[in-house]
Amino acid sequence: MSEQYDVVVIGAGPGGYVAAIRAAQNGLKTACVEEWLDPNGEHVLGGTCLNVGCIPSKALLESSEKFESLRLHGAEEGIVAEGLHLDVPAMIHRKDKIVTELTSGIAQLFKANGVTWLKGRGTLLADKQIRVSGPDGERIVGAQSVIIATGSVPVNIPPAPLTGSTIVDNTGALAWNTVPQSLGVIGAGVIGLELGSVWRRLGAEVTVLEAVDSFLPMADAAIAKTAAREFKKQGLDIRLGTLVTGTEITDDGVLIRYKDSQGEHSMTVERLIVAVGRLPNTKNIAEITLPVDARGFIEIDDHCRTSIEGVWAIGDCVRGPMLAHKASEEGIAVADRIAGKIGHINYDAVPNVIYTHPEISWVGKTEEQLKEEGVAYRVGSFPMAASGRAKAMNETAGMVKLLADAQTDRILGLHMIGVRSSELLAQGVIAIEMQATAEDLQCTMFAHPTLSEAVHEAALSAHGLAVHSVNKKAR
Ligand code: FAD
Ligand code: AMP
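Using our numbering, you'd call the opening residue of the sequence shown number 253 and step up by one each time.
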């Protein structure tokens with residue numbers, strides 16, 4: 253008789269580890285299988301997000317932003333930092349320390365909640381049995397319910413195969429100990445923009461090559477336009493409609509061949525980041541038939557159930573946005589459903605953030621989506637330049653834009669570009685979740701002076717009532 257659990261989770265990223273903790277909290281005997289090895293060959297929890305994604309990228313974004321802010325704006329604020337210089341290995345070391353603290357924190361949480369950590373690779377077999385192949389050999393465990401949370405992996409494209417530390421994906425780009433003089437980035441998506449920003453702030457000349465003609469097509473067009481202008485001012489060279497067709501390692505770095513509307517060209521950069529998207533990690537995870545779609549996402553119903561009884565799937569390996577919080581919320585909902593409770597997820601209120609400077613943040617529908625759907629709406633907007641707090645912070649770039657239903661006044665979208673807008677975004681998520689109206693936000697008191705007042709003013713502006721900026725109607 254194999255070792256038997258109520259729940260076995262395969263994968264310990266933000267989807268899987270959160271599901272395992274909630275399942276244990278629900279009184280279920282739970283194990284989580286995880287194969288990730290850190291650069292020292294040690295087994296670690298946390299998946300992409302903690303090891304090579306959200307957390308390390310934000311650590312480097314914060315450090316590089318402080319460096320650039322002092323370098324460019326220190327003197328203006330009366331802070332003269334003579335001899336300001338970079339110690340990149342120290343910056344990388346701090347990032348690594350944060351990762352280790354957080355991944356070992358999850359191991360502590362597993363212990364505290366009674367989750368068994370099965371180190372090694374998990375393979376789903378018939379009858380909800382799982383083979384774990386790890387450092388101690390192979391063992392078979394059985395479960396009443398299985399949650400697959402195997403995440404995603406970076407897309408590799410034939411024109412740009414990865415090579416050691418010169419042509420890299422996100423893992424390599426978060427580990428360089430020196431700043432390249434010139435850097436190419438393939439892909440102007442979230443990851444490409446964030447990683448490109450880190451190395452540009454630290455001194456690299458960065459060129460972003462993007463095959464598609466439009467910039468940030470998933471964001472509200474007004475916000476994307478402001479973002480393009482801000483990035484250009486910062487010196488980030490973003491070339492749209494530019495398809496990379498080949499690369500070659502040379503004595504000078506990487507020769508990149510690309511095509512645009514003018515024809516075929518080439519350029520040389522010292523290093524290259526490939527950030528062309530991610531694919532579900534669903535190859536060889538089961539020795540039974542587990543239906544996947546054409547792109548490899550595990551097929552599930554609205555409740556994250558696969559077609560195999562008692563087998564669920566969550567996070568990046570299933571449909572929907574590839575975001576850590578979406579994975580975690582699915583993990584919680586599934587662990588609750590297994591325990592006979594009701595799991596709640598509102599896919600219309602998923603927060604989106606691009607952690608550039610300024611940050612780009614949104615929830616709900618864009619103006620373009622509302623137009624396409626024929627929904628009548630009101631727009632309220634407020635420039636960050638009119639915010640007293642933003643001025644005090646020397647951070648006046650950007651705007652807040654609020655969309656409300658013209659009939660019901662319900663808030664349908666909140667779109668922002670501005671410093672720390674990732675933190676302001678929760679207001680929009682809560683408003684949509686609570687089915688709030690623009691008037692509800694108007695009637696709410698906001699602390700002064702805070703950046704959040706810009707959200708208040710945008711709600712007022714939706715009815716032509718903004719106090720600290722000129723309303724469109726009044727002009
Ligand atoms: P993952 O985090 O990928 O975890 C899956 C885990 O399963 C891995 O640990 C893997 O080793 C394990 N596994 C897979 N197969 C097996 C197997 N057969 N046996 C055992 N273990 C297995 N999202 C955000 O929300 N905010 C951000 O700021 C953000 N920044 C990002 C920055 C970068 C550079 C990258 C690459 C991603 C970023 N993301 C961000 C996306 C986020 O990391 C993912 O959406 C999130 O990690 C998905 O969680 P998951 O649990 O589904 O999968
Ligand atoms: P995302 O999926 O948001 O991370 O974005 C990845 C981006 O990479 C997409 O916008 C793609 O259009 C872009 N991309 C993919 N392949 C290429 C290529 N060969 N050259 C330039 N851009 C590419």
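All C-beta atoms, glycine included, are put in the ideal place defined by N, C-alpha and C.
So, using beta-carbon positions, are residue i and residue j closer together than 7 Å?
i	j	result
residue 239	residue 269	Lying outside 253 to 727, the shown extent of the chain, residue 239 is not represented and no answer is given.
residue 271	residue 587	yes
residue 495	residue 485	no
residue 230	residue 576	Given that the chain is displayed from residue 253 to residue 727, the structure contains no residue 230 and the question cannot be resolved.
residue 614	residue 598	no
residue 618	residue 636	no
residue 440	residue 499	no
residue 607	residue 324	no
residue 533	residue 405	yes
residue 527	residue 458	no
residue 283	residue 368	yes
residue 612	residue 479	yes
residue 372	residue 287	yes
residue 662	residue 714	no
residue 506	residue 524	yes
residue 706	residue 634	yes
Rounded to the nearest angstrom, how far is the Cβ of residue i from that of residue j, given a contact under 8 Å?
i	j	result
residue 703	residue 671	7 Å
residue 396	residue 267	Actually they are not in contact, since the Cβ atoms of residue 396 and residue 267 sit about 19 Å apart, beyond 8 Å.
residue 426	residue 309	6 Å
residue 592	residue 403	Not a contact, Cβ separation roughly 27 Å.
residue 490	residue 467	7 Å
residue 285	residue 344	Not a contact, Cβ separation roughly 30 Å.
residue 365	residue 433	The pair is not a contact, with the Cβ atoms about 48 Å apart (cut-off 8 Å).
residue 569	residue 540	At roughly 16 Å, the Cβ-Cβ gap does not stay under 8 Å, so residue 569 and residue 540 are not in contact.
residue 361	residue 273	6 Å
residue 513	residue 392	Between residue 392 and residue 513 the Cβ distance is about 57 Å, and since that is not below 8 Å, they are no contact.
Using a C-beta cutoff of 7 Å, does residue i count as contacting chain D?
i	result
residue 505	The question asks about chain D, but that chain is absent: this structure has only one protein chain.
Say the cut is 6 Å; is the CB of residue i nearer than that to a heavy atom of the ligand FAD?
i	result
residue 604	no
residue 504	no
residue 288	yes
residue 285	yes
residue 585	no
residue 556	no
residue 373	yes
residue 470	no
Out of the options, point me to the one whose CA is closest to residue i's CA.
i	options	result
residue 691	665, 705, 656 and 585	656
residue 522	455, 669 and 411	455
residue 409	720, 529, 678 and 313	529
residue 652	721, 375 and 293	721
residue 581	401, 509, 477 and 536	401
residue 595	556, 471 and 627	556
residue 667	475, 589, 349 and 348	475
residue 452	481, 487, 464 and 442	487
residue 669	654, 630 and 662	654
residue 446	306, 650 and 299	306
residue 327	646, 688 and 676	646
For residue i, count neighbouring Cβ atoms within 10 angstroms of its own Cβ and tell me buried if that reaches 16, exposed if not.
i	result
residue 659	exposed
residue 515	exposed
residue 727	In this prediction, residue 727 scores a pLDDT of 44, lower than 50, which makes its location untrustworthy; no coordinate-derived value is stated.
residue 709	buried
residue 387	exposed
residue 421	buried
residue 263	buried
residue 712	buried
residue 716	exposed
residue 609	buried
residue 700	exposed
residue 417	exposed
residue 574	buried
residue 296	buried
residue 336	exposed
residue 695	exposed
residue 536	exposed
residue 415	exposed
residue 265	buried
residue 679	buried
Measuring only from the beta carbon, is residue i closer than 6 Å to any heavy atom that is part of the ligand AMP?
i	result
residue 529	yes
residue 764	Summary: the structure shown does not reach residue 764, with the chain confined to residues 253 through 727, and so no result is reported for it.
residue 464	yes
residue 495	yes
residue 524	no
residue 409	yes
residue 597	no
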